[in-house]
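Residue numbers for the sequence shown follow my numbering, beginning at 1 and rising by one. Since the structure comes first, as structure tokens, the remarks are kept for the end.
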Amino acid sequence: MKIGIFFGGTSREREISFAGGRTVFDNLDKALFQPVPIFVDSLGQFILLDWQYIYKGTIRDFYPPVSAQAPSLHHLQVYIESLGELSDEQKQEAIGKVGRQVPLEELPRLMDFAFLALHGPGGEDGAIQGVLEWLGIPYSGSGILPSAFGIDKVAQKNLLHALGRPTPAFRVIKAEEWDTTDHAATLSYLVRELGLPLVLKAPRQGSSIGVSILKTDDLPKFEAAIERSLFRKIVTRELWQRLGEQDKLAWVQHLTDIREGIGLPVVIESYPLSGDGSALTADDEQQVTIYHPEALLSALTERLETAEQVRLTNVDGETQVLIESFVAGREFSCIVVEDPNGLPLALPPTEIVKGDELFDYRSKYLPGLARKITPIDLPETKIQEIREACEEMFRTFGFQVYARLDGFVGHDGRLFLNDPNTTSGMLPASFFFHQAAEIGLNPSQFLTYLIRTSLAARRRAGLRPVKLAQLLAKLDEAVAGRQHEATERIRVAVIMGGYSSERHISVESGRNIYEKLSSSAKYAPVPVFLTGSAEEHRLYVLPVNVMLKDNADDIREKIEHAEAGEAAHPILERIRREASVITSTYAGQALALPRRISFEELAHLADEVFIALHGRPGEDGALQQQLEKYNLPYNGSGVASSSITINKFETNKRLREAGLRVAEHRMANKLEWQADAESFYRSLETQFPYPFIAKPADDGCSSAVKKIKNRAELEAFSQLIFRTEEDLTPAPAEVLQLGFKEEFPRKDAFLVETLISRDGAAHFLEITGGLLTSYDTEGQLDIEVFEASEALATGEVLSLEEKFLAGEGQNITPARYDVDPAERQRISNEVKAVLRRVAEVLDIQGYARIDAFVRVRAGGGVEVLIIEVNSLPGMTPATCIFHQTALAGYTPYQFIDRILEFGKARVKRSTQTPTPLLG
């Protein structure tokens, strides 16, 4: 059956939709379904996307293509709406670089079924559902009417209120009213009616967009929150003139971000200076639509020379704001699915535990920032009350197939339901898959069930009943046959987790490897979690429901509970029994508990190993040493090379000795700091002028890497990394502006490097390049270096989010060394030659990622300065190494397969190599 996957879209959650579509594409059971990727761009055009672009980290990494964009002074990546009013020819030219446009009438010929991974307006509002109904294409999820209702938070609140269902008290403010009323009086009224805190929402956006919490009776903060929900912004002359040039650029970038800011295009309105001090009035003649962030930067500078302030309004902003009373209590989210009889079945509700009141975009989608506890830790009777309330809301709103229902349990025990969603985020560890795993369904099995249930729902609603009956019969027959297949597959233990500051990213990498291998006919992956310490590595085989917990700490906690003999929550047995009508057909093995194994047992359990760990352990050679004792093939470099590349200081030293360019560097030791902190600081300041880079010498690539600009930051960095307690010291953490839940390892030394700068080069960029090794016909090591990616950091250094979170990092592959294609390739070849030399010097095997800065001189000279080497690079769905391998013709699965095949070939060579005779 051909499954059209609709992803991307016009909404502000298009990046999560894009990442979710990729998850569906990867996890569809390839024995049952043929995926057809239909990318919907932000102009609403349907594009049959070439497969390699599915694995880009963000939409802006590939679309609009660089060739369709005018030269950018600041090399900004933009969405296609920022290119302004395009002609049909210009649109076709942009689309032709990444695929081909699909006219509506062709969609029925391309697919038998449409899986909708779209979010927000244009995806959850009934619009795309209506198009597909018109075309006669069955689709996933709810139909037109419940979708239209599900996107409208105000309509939902009115219905809940009319039915007498408990929901937070609310008021609605229309934009026109807001612009003409007394703001202080409005705030006073809302505080009197709803109390504090107040929750302000954009009523037709995704649940994480345009949301603010007002904790105090603060008029400026209230006004800013209202404007945020309307996707408007007032910029004053005083603010703009206070900012430096770089700060202005950063401010505009943040403002035009589609999730945190107001996005583009915007209408700009000037408020001319008033000489007599009278009220400011907008000059309607000065309204102009601005599409590009650089045009906005110029317009603000120009307008605020003569205007007191300007107002920016997104052309697709909101017309009203929903304001709710804040519910103090425990927040939960519950997926409800239809059972085979069309009745709602609530899965185990998940509690969301976070450090702040707002479950925002970062907390929702970056592992480790908010904990998701499934089921919520409440008595069975209370959880059953939540489930029954969610099932009732599912019926009341007429939802079909599945929905995500959010709510709160107040401190007094009262239950409030809020924000029902007709779809859910589809990242690997989202609520969607997280809760399904608790009844025993892995992502592939759950998607199969939802497709089958959607076909039945569309048929019940009268959509082409004869044709859909035939599709259902064929699918049921294929699913039954799949259950009885007996194929010999290679067993691969995927080791994930660890105890480094990048353990959560390791779990994301491991899950991605597991999912890529499990949808193949060749491999049978076994998820294995590593925990413990440097003195003792403890290995655990994981059942699917534990593997799909939100992050590494949650997985470790489940293991500890199992080892302590704690029984699973009784509600789980009840839900699994109710869901047995689903799992008996679609699930594989029954759920079990995590099981500890030795390395010897691992050797009997698996034919080979994929190490998905980052930092220590994993990249230091210790785990490899254990695996070699049992002749277990593994990915990545060997023991000796790994023990060098984990140490950034030793790596730099060896590369410098080999004649390669690296930053000036030295180790800064804790003993020296403890003996005389002032001398310690002065010594570093003498050798390294500010700003310089400080980072751990032997941890993950993004962990605690900071640009140190002054003595206060140097002191703060030293205090944090040399601290004796696990918890962060608040004062230095504030100096370094550490993000929420940002981890900072404790070390006995750290690495200090000069800040690599442009140094007068005509072109200067940061790149990251991957490579893959194999043996040629003569048994010699062959190193294939891929086209490097250009990495764009929004801050001072690349963050964990930018490297690994879908939709967050900005990478351009191949790197833009020059606008002339021939010159770009010449420079690229020189860069690749240096990266190959790095691999040779360090004896890198399997695969790796090398980070570097590149200077291109005016005369064409190329300088490559190596930053660091990662022997086990991140393998999350959004990582840029997959962009690079796609250019070389490898799908992610093929790349992983090549890595595993090399590991086996290396073991075979080592066992065949004759032992030298001793004299």
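Ideal Cβ positions, reconstructed from N, Cα and C, are used throughout, including at glycine.
**OP:** Locate the beta strand (DSSP E) running through His665, then write down its first and last residues.
**Re:** For the purposes of this step, residue 665 is taken as residue 665 along the sequence shown, with counting starting at 1. Residues 665 to 669.
Original post:
Using 8 Å as the threshold, is the segment 341 to 353 in touch with the segment 574 to 585, meaning 3 or more CB pairs across them?
Top reply: Contact holds: three or more Cβ-Cβ distances are below 8 Å.
**OP:** Please list, in chain order, all residues of the same chain as Ala1000 whose beta carbon is under 7 Å from its beta carbon, the five residues on each side excluded.
**Re:** The shown model of the chain, from 1 to 919, leaves out residue 1000, and the question about it has no answer.
Original post:
Is the CB-CB distance between Val838 and Leu655 below 8 Å?
Top reply: Numbered from its first residue, the sequence shown carries residue 838 at position 838. Numbered from its first residue, the sequence shown carries residue 655 at position 655. Yes, these two residues count as a Cβ contact at 8 Å.
Original post:
Considering only the beta carbon of each residue, do Leu427 and Ala389 sit closer than 8 Å?
Top reply: By one-based count along the sequence shown, residue 427 stands at place 427. By one-based count along the sequence shown, residue 389 stands at place 389. Contact: no.
Original post:
Nearest to Pro443 by alpha carbon, out of Glu863, Ala429, Leu300?
Top reply: Taking the first residue of the sequence shown as position 1, residue 443 is located at position 443. Of the listed residues, the one whose Cα sits closest to Pro443 is Ala429.
Subject >> N-terminal and C-terminal residue of the beta strand (DSSP E) that Lys354 is part of >> reply: For the purposes of this step, residue 354 is taken as residue 354 along the sequence shown, with counting starting at 1. Unbroken run through Lys354: none, as it is neither H nor E.
**OP:** Using DSSP bridges, identify the partner residues of Lys2.
**Re:** In the sequence shown, counting from the first residue as 1, residue 2 sits at position 2. Partner(s): Gln34.
Original post:
For Thr645, does the count of other Cβ atoms within 10 angstroms reach 16, so buried, or fall short, so exposed?
Top reply: In the sequence shown, the residue the question calls residue 645 occupies position 645. Thr645 comes out buried.
Original post:
Between which two residues does the beta strand (DSSP E) harbouring Ser333 extend?
Top reply: Your numbering for residue 333 matches position 333 in the sequence shown. Here the beta strand (DSSP E) through Ser333 covers 329 to 338.
Original post:
Name the DSSP bridge partner or partners of Val288?
Top reply: Start at 1 with the first residue of the sequence shown, and residue 288 comes out as number 288. Per DSSP, Ile268.
Original post:
Between Ser520 and Tyr890, is the Cβ-Cβ spacing less than 8 Å?
Top reply: Indexing the sequence shown from 1 puts residue 520 at position 520. Indexing the sequence shown from 1 puts residue 890 at position 890. No, the Cβ-Cβ distance between Ser520 and Tyr890 is not below 8 Å.
Subject >> Identified DSSP bridge partners for Ile866 >> reply: Numbered from its first residue, the sequence shown carries residue 866 at position 866. Looking at the DSSP assignment, Ile866 forms a beta bridge with Val662, Ala852.
Subject >> Close beta carbons around Ser454, own chain, < 6 Å, minus the five adjacent residues each side >> reply: By 1-based counting over the sequence shown, the position of residue 454 is 454. Contacts found: Ser140, Val401.
Subject >> Contained alpha helix (DSSP H) runs [length at least 4] in the segment 488 to 564, N- to C-terminal order >> reply: 503 to 518, 544 to 547, 552 to 563
Subject >> Beta-carbon spacing of Leu32, Ala478 below 8 Å >> reply: Looking up residue 32 in the sequence shown gives position 32. Looking up residue 478 in the sequence shown gives position 478. In contact: Leu32 and Ala478 (Cβ atoms closer than 8 Å).
Original post:
Within 7 Å: the Cβ of Ala675 and any heavy atom of the ligand FAD?
Top reply: The model on display carries no ligand, and the ligand FAD is accordingly not part of it.
Original post:
Within this structure, are the beta carbons of Gly329 and Gly462 separated by less than 8 Å?
Top reply: Taking the sequence shown and counting its residues from 1, one reaches residue 329 at position 329. Taking the sequence shown and counting its residues from 1, one reaches residue 462 at position 462. No, the pair does not count as a contact, with Cβ atoms beyond the cut-off.
Original post:
Given Ile597, which residues of its chain have a CB within under 8 Å of its CB, disregarding the five upstream and five downstream residues?
Top reply: If you number the sequence shown from 1, residue 597 lands on position 597. Val528, Leu539, Tyr540, Val541, Leu605.
Subject >> According to DSSP, residues forming a beta bridge with Gln309 >> reply: Sequence index remark: in the sequence shown, residue 309 carries index 309 (1-based). According to DSSP, Gln309 bridges with Thr236, Tyr271.
Subject >> Neighbourhood of Glu670 by C-beta distance below 7 Å, restricted to the same chain and skipping five residues each side >> reply: For the purposes of this step, residue 670 is taken as residue 670 along the sequence shown, with counting starting at 1. The question names Glu, but residue 670 in the sequence shown is Lys. Once the five neighbours on either side are set aside, the close Cβ partners of Lys670 are Phe722, Asp748, Ala749.
**OP:** Could you name the residues of the same chain whose beta carbon sits closer than 6 Å to that of Thr289, not counting the 5 residues immediately before and after it, in chain order?
**Re:** Numbered from its first residue, the sequence shown carries residue 289 at position 289. Around Thr289: Pro265, Val267.
**OP:** Taking only runs that begin and end inside the segment 184 to 208, name each unbroken beta strand (DSSP E) of 3 or more residues, in chain order.
**Re:** Within the segment 184 to 208, the complete beta strand (DSSP E) runs of at least 3 residues fall at 198 to 201.
Original post:
For the alpha helix (DSSP H) that contains Ser298, what are its first and last residues?
Top reply: Position 298 of the sequence shown, counted from the start, is the residue given in the question as residue 298. 293 to 303 is the span of the alpha helix (DSSP H), which, as asked, contains Ser298.
**OP:** Measure how close the beta-carbons of Glu162 and Asp125 come, nearest whole angstrom, since I'm counting them as under 8 Å.
**Re:** In the sequence shown, counting from the first residue as 1, residue 162 sits at position 162. In the sequence shown, counting from the first residue as 1, residue 125 sits at position 125. The sequence as given places Ala at residue 162; Glu does not occur at that position. Rounded, the Cβ-Cβ distance is 22 Å, inconsistent with contact.
Original post:
Of all the options Ser87, Leu249, Arg511, Ser506, which has the alpha carbon lying nearest to the alpha carbon of His74?
Top reply: Reading the sequence shown from its first residue, position 74 is the one you call residue 74. Here the closest residue by C-alpha is Leu249.
Subject >> Contact under 8 Å by Cβ, Val252 with Leu312 >> reply: For the purposes of this step, residue 252 is identified with residue 252 of the sequence shown, where counting begins at 1. For the purposes of this step, residue 312 is identified with residue 312 of the sequence shown, where counting begins at 1. No, the Cβ-Cβ distance between Val252 and Leu312 is not below 8 Å.
Original post:
Helix or strand or just coil, what does DSSP make of Glu802?
Top reply: Position 802 of the sequence shown, counting from 1, holds the residue named residue 802. For Glu802, the predicted model reports a pLDDT of 48, less than 50, meaning its position is unreliable; a value from the coordinates is still stated below. Glu802 falls in the helix class under three-state DSSP.
Original post:
Nearest-angstrom Cα distance between Glu868 and Asp851?
Top reply: Here the question's residue 868 lines up with position 868 in the sequence shown. Here the question's residue 851 lines up with position 851 in the sequence shown. If you draw a straight line from the Cα of Glu868 to the Cα of Asp851, it comes to about 5 Å.
**OP:** Note down the Cα distance separating Tyr499 from Ser533, rounded to an integer number of angstroms.
**Re:** The residue given as residue 499 occupies position 499 in the sequence shown. The residue given as residue 533 occupies position 533 in the sequence shown. Distance between the alpha carbons of Tyr499 and Ser533 is about 7 Å.
**OP:** Go ahead and label His254 buried or exposed: buried means 16 or more other beta carbons lie within 10 angstroms of its beta carbon, across all protein chains shown.
**Re:** In the sequence shown, counting from the first residue as 1, residue 254 sits at position 254. Flag for His254 reads exposed.
Subject >> Secondary structure of Ser973, DSSP reduced to three states >> reply: Missing from the structure shown is residue 973; the chain here goes from 1 to 919 and no further.
Original post:
Which of helix, strand or coil does DSSP assign to Phe722?
Top reply: Taking the first residue of the sequence shown as 1, we reach residue 722 at position 722. Residue state, collapsed to three classes: coil.
**OP:** Could you name the residues of the same chain whose beta carbon sits closer than 6 Å to that of Glu925, not counting the 5 residues immediately before and after it, in chain order?
**Re:** Because the chain here runs from 1 to 919, residue 925 falls outside it and cannot be looked at.
**OP:** Taking only the alpha-carbon atoms, compute the straight-line gap between Pro121 and Lys467 and give it to the nearest angstrom.
**Re:** Along the sequence shown, read from residue 1 onward, the residue named residue 121 stands at position 121. Along the sequence shown, read from residue 1 onward, the residue named residue 467 stands at position 467. Rounded to the nearest angstrom, the two C-alpha atoms are 30 Å apart.
**OP:** Give the DSSP-derived three-state secondary structure of Lys747 in the structure shown.
**Re:** The residue you call residue 747 lines up with position 747 of the sequence shown. In the structure shown, Lys747 sits in coil (DSSP, three-state: anything other than H, G, I, E or B).
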